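In the numbering used here, the protein residues as written are 1047 to 1323.
Cβ atoms here follow ideal geometry from the backbone N, Cα and C, with glycine treated the same way.
These numbers were taken from a predicted model, which means no experiment stands behind them.
To keep things clear, I will list the structure first and then write my remarks on it.
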Ligand code: NAD
């Protein structure tokens, strides 16, 4: 796929990230098909996108996004971004199906936050067209797209998605594959250590957040950020990094396991480390 041939985009998974990615592409006038197996997630995605779109741009955005529960509806897309649950087997199953549904020239990307691109590429037929496009939440606002190159990713694929990112006024940073990439190797080392400080009674979560906000000028403290990411996603990332890298600093604390078990997943369920009104 040559860079300026990308006109139609498929987004698979209409949760926090899928809805934000669909919104971003629609704002830049790409035709988007947004797919989810859960019909109510699609409805909720449109409500969320509308709530975060300038009213005078809503008509354009709404007109550019088509929703569907059928994966086959991405068949005409030039680029498909998978952004479902952070589970390697669920992702591989979708990637296998996308390999059959999409044209041979279409680029297939994943928005995984941690899973190795080389591992996921095993499920893709024609892995030279497979790449990591790691958007951050919310995609409309955050400047970075971490572009993750697998061993088999072609230079053509790298340059096409880099071009696309710049078209949407983003900063594409290309890195080689490693579990967690650069962003989450660093971020989850920080979040994990913040939870260990809390568990050992060194400081409250409010004070740990305040130290990082006022002392290191982070816009959010690690607990506020974990709630923002979603504690289920955060826990999956930690488990995956611990399993892959065997490094104790990624070992999830029972504190986060307990919150997830109780359904306290952060902002999206109005309670995580903190409560939200
Ligand atoms: P989410 O739980 O909000 O949404 C996931 C969506 O995927 C749900 O709507 C679900 O119905 C859908 N889904 C599940 N299986 C499906 C299938 N087989 N076909 C179609 N849809 C399916 O999750 P999220 O926070 O949007 O995360 C999605 C991906 O993005 C994960 O890989 C995550 O690691 C990554 N990511 C998340 C963040 C973040 O801050 N939340 C940031 C960067 C990357």
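Assuming residue i and residue j are in contact, meaning their beta carbons sit under 8 angstroms apart, how far apart are those beta carbons, in whole angstroms?
{"i": "residue 1177", "j": "residue 1191", "result": "With a Cβ gap of about 11 angstroms, residue 1177 and residue 1191 do not count as contacting."}
{"i": "residue 1080", "j": "residue 1070", "result": "Contact flag wrong, Cβ pair sits at about 12 angstroms."}
{"i": "residue 1138", "j": "residue 1166", "result": "6 angstroms"}
{"i": "residue 1125", "j": "residue 1188", "result": "Rounded, the Cβ-Cβ distance is 19 angstroms, inconsistent with contact."}
How should residue i be labelled, buried or exposed, when 16 other C-beta atoms within 10 angstroms of its C-beta is the threshold for buried?
{"i": "residue 1133", "result": "exposed"}
{"i": "residue 1175", "result": "buried"}
{"i": "residue 1098", "result": "exposed"}
{"i": "residue 1232", "result": "exposed"}
{"i": "residue 1055", "result": "buried"}
{"i": "residue 1308", "result": "exposed"}
{"i": "residue 1180", "result": "buried"}
{"i": "residue 1216", "result": "buried"}
{"i": "residue 1270", "result": "buried"}
{"i": "residue 1066", "result": "buried"}
{"i": "residue 1322", "result": "exposed"}
{"i": "residue 1086", "result": "exposed"}
At a threshold of 7 angstroms, does residue i count as lining the ligand FMN (C-beta to nearest heavy atom)?
{"i": "residue 1264", "result": "Among the ligands modelled here, namely the ligand NAD, the ligand FMN does not occur."}
For residue i, I'd like the list of residues in its chain whose CB is within less than 7 angstroms of its CB, leaving aside the five on either flank, ordered along the chain.
{"i": "residue 1299", "result": "1241, 1242 and 1245"}
{"i": "residue 1251", "result": "1244, 1269 and 1319"}
Quick check: does the Cβ of residue i come within less than 7 angstroms of any heavy atom belonging to the ligand NAD?
{"i": "residue 1158", "result": "yes"}
{"i": "residue 1063", "result": "yes"}
{"i": "residue 1059", "result": "yes"}
{"i": "residue 1207", "result": "no"}
{"i": "residue 1132", "result": "yes"}
{"i": "residue 1113", "result": "no"}
{"i": "residue 1085", "result": "no"}
To which residues of the same chain is residue i closer than 8 angstroms at the C-beta, ignoring the five residues directly before and after it?
{"i": "residue 1136", "result": "1130"}
{"i": "residue 1195", "result": "1163, 1177, 1178, 1204, 1220, 1221, 1222 and 1223"}
Among the residues of its own chain, which have a CB less than 6 angstroms from the CB of residue i, if the five just before and after it don't count?
{"i": "residue 1063", "result": "1129 and 1157"}
{"i": "residue 1112", "result": "1079"}
{"i": "residue 1229", "result": "1192"}
Can you list, in chain order, the stretches of the beta strand (DSSP E) that have 3 or more residues and sit fully within the region 1139-1188? DSSP runs (the beta strand (DSSP E)) wholly in the region 1139-1188: 1153-1156 and 1176-1181.
What beta strand (DSSP E) runs, 3 residues minimum, are completely inside the region 1059-1140? You should have 1077-1081, 1111-1114 and 1125-1128.
Residue ranges of each alpha helix (DSSP H) within the region 1251-1288, 4 or longer: Within the region 1251-1288, the runs of alpha helix (DSSP H) at least 4 residues long that lie entirely inside it are, in chain order, 1251-1256 and 1268-1275.
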